[in-house]
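The sequence shown begins at 1 in full-length UniProt numbering and counts up one residue at a time.
All C-beta atoms, glycine included, are put in the ideal place defined by N, C-alpha and C.
Keep in mind it's a predicted model, so treat the numbers as computed, not measured.
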Amino acid sequence: MNETRAVIEAYFRAFNADDTAAMLDCLAEDVAHHVNEGQVRVGRQAFGEFCTHMSYCYAEQLTDMVVFASEDGTRAAAEYTVNGTYKATDSGLPEATGQTYRLPAGSFFSVRDGLISRVVTYYNLADWIRQVS
């Protein structure tokens, strides 16, 4: 369980540092990335491309982090607050003008051989749209 918590915490430290390479180091090669309101992406390369896009459109820091891990270390979850700035207009979403937002969010993980093999992220998209509109 401690190894699972450690990889999840490293993943989020890398996120807050905007360090995609360090995030990718936490992931299994065949990671399945389930994003809120989107398609499942499979593999580190697809995850890295998603991160590049997100870093272009958004600047985010996660606070109030609480990480949970199953006793067998194969699953984990995290609850946190997303504090962000909408930097560049994302396709199909309101126009970006530097709006700030604050959202509760959560992620669920599967862990295999010390690496994250599944990431599922949830937040309230309607609340985000309200905050940036």
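Taking only three categories from DSSP, how would you classify residue i?
i: residue 106; result: strand
i: residue 69; result: strand
i: residue 59; result: strand
i: residue 113; result: coil
i: residue 125; result: helix
i: residue 79; result: strand
i: residue 3; result: helix
i: residue 88; result: coil
i: residue 19; result: coil
i: residue 74; result: coil
Compare the C-beta of residue i against all C-beta atoms of chain B and say whether one is closer than 9 Å.
i: residue 27; result: Given the protein chain composition of this structure (a single chain), no chain B is represented.
Which residues in the same chain as residue i place their Cβ atom closer than 8 Å to its Cβ, once the five residues preceding and following it in sequence are excluded?
i: residue 81; result: 62, 63, 64, 102, 103, 104 and 105
To which residues of the same chain is residue i closer than 6 Å at the C-beta, ignoring the five residues directly before and after it?
i: residue 120; result: 34 and 108
i: residue 26; result: 7, 10, 11 and 116
i: residue 100; result: 85
Using the Cβ count rule (16 or more neighbours within 10 Å means buried), how would you classify residue i?
i: residue 4; result: buried
i: residue 66; result: exposed
i: residue 192; result: For residue 192 there is no data in the structure shown, the boundaries of the chain being 1 and 133.
i: residue 42; result: exposed
i: residue 76; result: buried
How many angstroms separate the CA atom of residue i from the CA atom of residue j?
i: residue 110; j: residue 74; result: 6 Å
i: residue 128; j: residue 55; result: 17 Å
i: residue 71; j: residue 133; result: 42 Å
i: residue 39; j: residue 2; result: 31 Å
i: residue 13; j: residue 47; result: 17 Å
i: residue 57; j: residue 89; result: 6 Å
Got a sec? Which residues, its chain only, sit under 7 Å from residue i by beta carbon, not counting five neighbours each side?
i: residue 36; result: 121, 122, 123 and 125
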